[in-house]
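For any residue, its number in the working numbering is found by taking its place in the sequence shown, counting from 1, and adding 1366. We put the CB at the ideal spot given by N, CA and C, even for glycine. These figures come from a predicted structure and were not determined experimentally. Working notes, structure below.
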Amino acid sequence: MAAEIELQVVNGEEEFAGWETVRVLGEGNGEYTNEVVSSKYTVMNFLPRTFLLQFRRVGNIYFSFIVLVMIMGSYTKLFQSPQAPWGNLSILMVIFGLNMTNEGLDDMSRVRKDRETNTQVVDVYDLESKSFVKKSWGEIGRGDLIRLSKGCVCPVDMLLVHVSDVDVEGCCYIQTANVDGETYLKKRECKKEFTEGIKKGDVDWLIDRRIRVEPPSHSFSSFKCVVDDGIETTSDHIILRGSELRNTDWIWGVALYTGNETKMLMSQGTRQIKQSKVDKLANKVIVSVLIILAILLLVSVLVVTFAYASTSTLWYLDFTPEADGSVLPAWLALLLTYLVLYRQILPILLYAVQEGMNVIQTKYIGWDLNMYDEDTGKFASCNTTSLAQEIGQVNWIFSDKTGTLTRNEMRLVACTVEGETYGRYLCKDLEALAEETCGVLQSSRICFSDLLDALEQRDENVEAFMRALSLCHTVLVERDHGHKDTTRMLRRRSLSSSVVESTAYNLLGTKSTLGVVGEHDSYQPKEEEKPPGYNAESPDEEALVLGAAALGYKFSFTENMSTLGIEVRHPYKIDEDIELPRHPTHVERWEVLAINPFTSDRKRMSVLYRDPRTKRIKLYVKGADNQMLAIASRETTDFEGLKATLQTFAEHGLRTLVVGEREVSEEEFNAWNKRHDEACGCTDKGRKAKLDAVACEIEKDVKVLGTTAVEDRLQDGVPQTISILRAAKINIWLITGDKVETAINIGRSAELLTQNSDVLMLTAKELALGEDFVSAQGDLLNVIYQMIEEHPAEDEDAGDGNFSGFFDRVLRNRFKKTERKSKRVKANPDLALVVDGDTLHYIFKDHEELQAAFLKLSKVCGVVIACRASPGQKAQLVKAVQDNTFPTPTTLAIGDGANDVPMIEAGSVGVGISGKEGTHAANAADFTISQFKFLAPLLLVHGRSGYIRVAKAISLTFYANLLFTFVSFYYNFVCRFSGQPAFSNIQYVLFQMFIAVPVFALGFTDRDFRYMYDALKDPRCYDVGRLNRILHPAFVDFQILRGAAHGAFAFLLVFWNDYDGTYLALSGSLYIVVTVVLTVRQGLSAASLNILIALSLVFNVVMVILLVFIVNAIKQKGENMFNLSQWGRYYWNQLIATIFLVSLMDYLVPIFYMQFKKLL
């Protein structure tokens, strides 16, 4: 590192070891710049690096070796090559050139993006002019002072030193959607030492100050630095690159990390690289073909050594290595000679075909207007081109619930206060409410007409509950939206300041004593009343605050870091769409004393206020039911009634929270607040744990005010999509963090569960597992074994390649590790398994037998629902299925939030929904869609057709080269294995063209449905990819046998009907037959005959005929390659008959086989 690294010794201990020192607006910061360079190549290293990159593929290494052998045989005395290297070399160079060009275009795209990023401008302080000047991002260096304006994106990782609202709050708000995918606003604080110092000495106070920072890392949660005078800062004072400034006019910051050392850019290099199943299958086919090549080489050497040993006495053949002057031993020279003759057995076009199919499949997905979302204006996209066909072979789908199956548009629809239920929670009532065309606020008032009646009667319990909803949150009021107040809400740490005298304001701003009414003007809302502008940490929290605002308790502003204001507007009378207030509106100003934010461990949050009405301290708490019941007061809480209510809400698919309050004495608060301030002042890694521990101290003996029920409606088309996917025999697992009852109800709504479903429960509540961990695992294992006995598994239908294919069996016997994996079994569509996070903890905790039993049971079930699952458990389930199933299945994980990223990265294919929880999931995914309903066409339309096309293209490419090679092999018997090539270099190059033109035409346009979306009407057609029926190992064996048989039959027929008897004429006739037989095979492989495919087939035939006439007219060495002048129509007749008989083999052989099988 070029930056200065300092080491201090304090009390005999080393501090800041390895840390770097940044001088503010000073020298000694090294040559660090903010210029981002993501391109891989430069002008000087592009050619060598991209050329070497081609050898990462086995096929390219093979053909490069072949070219090297041919060069040695042509231009050295080692041995005599039967053919010159220019044919293979030219094709190889074309392929290398295309790949290198593609790499160059990709890199140029990265260069353009880098230029766009580096040329953005921002205000940077200039020491010479003593003012802020415009500089490009790329010119920023460490230690520079940057001024960021509202709405601008931060170009570096910088330390916040000054804010525009320093006299009000001393903090700013940022949105980190570009960094971590989270869309809610986050607060960043400015240390008082900075603000006070800048007030005294302006920028000069900062100049040449030293800031020690820890080494760069990709961790977003870890960021520590120490400024001169012992000012310690944490991640709460740091603004990361990519963050957008919101709700604040401007800020100043000192650049600490720049360019590729910023956390956002460092985290982008950790994406997992996935290999498609098609690539893996192609590699296995290559191994099988190379085994065939080894067999052909061995047979050729043995035949010439023993059967044609007398050939060496024929002087006119000039055949022996000694006669050729070869340096190498005879056996090795022969081996290399035959290697050159049979080199084409491995398709040189294989990778070009695969890449071409991948690119066009990616384009088809992006061009599909049926997967365009009008709400977001986004198309579906493929982010990983190499996995374009992987979606056609999916066996398992692992799906998140919130935001994936549901809209993630929360709405408060029901609540319970003192045992009384208000609002609507029945499905039919919610459906009717969804059809209302009124605005959000009016819809809530219609939903809670009964609660408005209770408020009109001044029910104290209901008023306390509504007041708690409007106060217990960390919501921000959007600036310039609604209330003109420009202050915001503190989020992440305690708030302590002097008590602000409680006052009340009417709508006109007239100051009065609390409870005194201002002017009594009637209030007539607009036809479409605009809802308040809120920005919350989660949609649930926004729904609660918005619901309270609609019912007369509107959170409207915060000020001075210590006061929160709510407008209390008493209920409306809803009568013939005329709304009149029964009581005037007044503002309550609550002093904020401390906030304990929500954490995943506590699963609740709380706020301490000073009540302006009584001057007493109140604690408001809300959180998950199980966590709230644990801290509820035993004296005032009806636990049985509360559980029954929560159960009812959950059964209707609603998300529930419990709200409570407690009055805190001054003595208790003062003692607690001291400990809380100490925890807030910690800068070590244990700060979060200390804050949680302190929060738990105050969150106790809570009086439950009521419960809330929030609806998250299903997205459009979710039930239909799931029905299609299940009809395609794809196993679907729903993995969510919601309660068991909520997840089950969503499963029924989404038609994962039907009336005929037999639900097996594996939850901690149902099993009543003991406290001893080991004994609980034993009890759980017995329960699972009992369920397996009651629901035995059936093997999956044949055809997926299980132990099929001779060469595949040979390799599998060599590697025994796959025997530990369980076979794929047939899932029962009417059997469902429900498991919760606590049970999963028992299953995956150091107990292989329990894990194996669970997976065996889960594979029998057509549906698995995992509830209360953590992000780590989501990924664990995906990996468990992948690692313990044979053949290895293709798993698809789909989600929309940052908590789904581990699952998405663990799946064979990751699909991200670009929803309301940011872009984190979409950025980590291989495919991106906007709604869950697009998953069905993505798999059954694009995935299925893509798999069929690439599988046909690959199989035809292998078949063509096998046919060409076997004909060359049989030709050697006529030539007595003298090394005479059956076809010339020109014929070989043209044959590759005859392969490529129809294959690409078929791979780009072939379809087995007239309309592609008709595949959704017959989901069983997805079996072709799900069971891998085109590229399974048995098909490889069949292609090898087909190539050998077609080659043998074609050679015998041509040889028997050859009228000339010369080797050259035999080669010409064989070339015509092989080319046309290949063309016929390509045409018969097409599921439909469109213009492009028809033209490609006609192209092959016409080119062959033209080749015949051109070569026949030229005459080579005094001989005719094609016998047109001597035999005329007889020549054509015998060739057409040969082509017909060879092509007829594909139909006659299966018939004879079936008849013979019946006789046996």
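Those residues which DSSP pairs with residue i across a bridge
i               : result
histidine 2213  : BP columns for histidine 2213 are empty, so no partner.
glutamine 1541  : Leu1551, Glu1610
tryptophan 1571 : In DSSP, tryptophan 1571 forms no bridge with anything.
glutamate 2027  : Tyr1986, Lys2069
glutamate 1925  : Thr1929
histidine 1528  : Trp1618
leucine 2126    : Leu2199
asparagine 1901 : Leu1842
CA nearest to the CA of residue i, picked from the options
i                  : options                            : result
phenylalanine 2210 : Val2229, Asn1749, Leu2407, Lys2245 : Lys2245
tyrosine 1791      : Pro1978, Asp1741, Arg2021, Ala1990 : Arg2021
glycine 2263       : Thr1768, Glu1580, Ile1573, Ile1427 : Thr1768
threonine 2504     : Val2477, Phe2415, Ile2476          : Phe2415
phenylalanine 2298 : Arg2053, Gln1759, Asn1774, Asn1468 : Asn1774
isoleucine 2375    : Asn2456, Leu2436, Ser2344          : It should be pointed out that residue 2375 corresponds to phenylalanine in this sequence rather than to isoleucine. Taking only the C-alpha atoms, the option nearest phenylalanine 2375 is Asn2456.
aspartate 2104     : Asp2202, Ala2410, Ile2476, Ser1904 : Asp2202
leucine 1837       : Pro1978, Val1665, Ala2094          : Pro1978
asparagine 2122    : Thr2251, Ile2110, Leu2197, Lys2131 : Leu2197
tyrosine 2388      : Ala2159, Val2307, Phe2518          : Val2307
glutamate 1844     : Thr1561, Arg2342, Pro2255, Arg1612 : Arg1612
valine 2070        : Glu2107, Ala1450, Ala1990, Arg1777 : Ala1990
glycine 1425       : Asp1739, Trp1503, Leu1715, Val1545 : Leu1715
phenylalanine 1560 : Val1545, Ile1577, Leu1551          : Ile1577
alanine 2326       : Ser2344, Val2363, Val2340, Ala2302 : Val2363
serine 2115        : Val2084, Ala2287, Glu2132          : Val2084
valine 1670        : Gln2346, Gly2391, Leu2461          : Gln2346
threonine 1408     : Ile1457, Met1474, Ile2438          : Met1474
asparagine 1649    : Tyr1717, Val2060, Ser1972, Val2226 : Tyr1717
glutamine 1993     : Glu2065, Trp1697, Phe2343, Met2378 : Glu2065
Cβ-Cβ separation, residue j to residue i (assumed contact under 8 Å), whole Å
i                  : j               : result
tyrosine 1986      : glutamate 1957  : Contact doesn't hold; Cβ gap of about 13 Å is too wide.
threonine 1751     : valine 1725     : 6 Å
histidine 1603     : leucine 1525    : 6 Å
leucine 2091       : isoleucine 2098 : 6 Å
phenylalanine 1921 : valine 1911     : 6 Å
alanine 1902       : methionine 1832 : Wrong, their Cβ atoms sit about 18 Å apart, outside the cutoff.
asparagine 1391    : leucine 1572    : The sequence shown places leucine at residue 1391, rather than the asparagine named in the question. That belief holds up - the Cβ atoms of leucine 1391 and leucine 1572 are roughly 7 Å apart, short of 8 Å.
isoleucine 1731    : serine 1747     : 7 Å
phenylalanine 1498 : aspartate 1489  : 4 Å
beta-carbon residue i near the ligand GTP non-hydrogen atom, thresh 7 Å
i              : result
glutamine 2242 : For the ligand GTP, the structure offers nothing, since it holds no ligand at all.
Status (buried if at least 16 other CB within 10 Å, exposed otherwise) for residue i
i                  : result
serine 2334        : buried
valine 2176        : With a pLDDT of 43 at valine 2176, under the threshold of 50, the modelled position of this residue cannot be trusted; read the value that follows with caution. With fewer than 16 other Cβ atoms within 10 Å, it is exposed.
tyrosine 2208      : buried
tyrosine 2354      : buried
threonine 2205     : buried
leucine 1418       : exposed
asparagine 1454    : buried
glutamate 2077     : buried
glutamine 2013     : exposed
glycine 1881       : Residue placement at glycine 1881 is poorly supported in this model, since its pLDDT is 34, which falls under 50; the coordinates are not used for a value here.
lysine 1643        : buried
valine 2149        : buried
glutamine 1808     : buried
phenylalanine 1431 : exposed
arginine 1481      : exposed
glutamine 2358     : buried
glutamine 2152     : exposed
Which complete alpha helix (DSSP H) runs does the segment 1713-1785 hold, if anything under 4 residues is left out? 1716-1733
Residue ranges of each beta strand (DSSP E) within the segment 2233-2282, 3 or longer: Counting whole runs of 3 or more residues, the segment 2233-2282 contains the beta strand (DSSP E) stretches 2256-2261, 2275-2279.
In chain order, each beta strand (DSSP E) run of at least 3 residues that lies wholly inside the segment 1466-1517: 1487-1492, 1497-1502, 1511-1515
Going residue by residue through the segment 1405-1468, where are the continuous alpha helix (DSSP H) segments of at least 4 residues, counting only ones entirely within it? 1412-1419, 1424-1441
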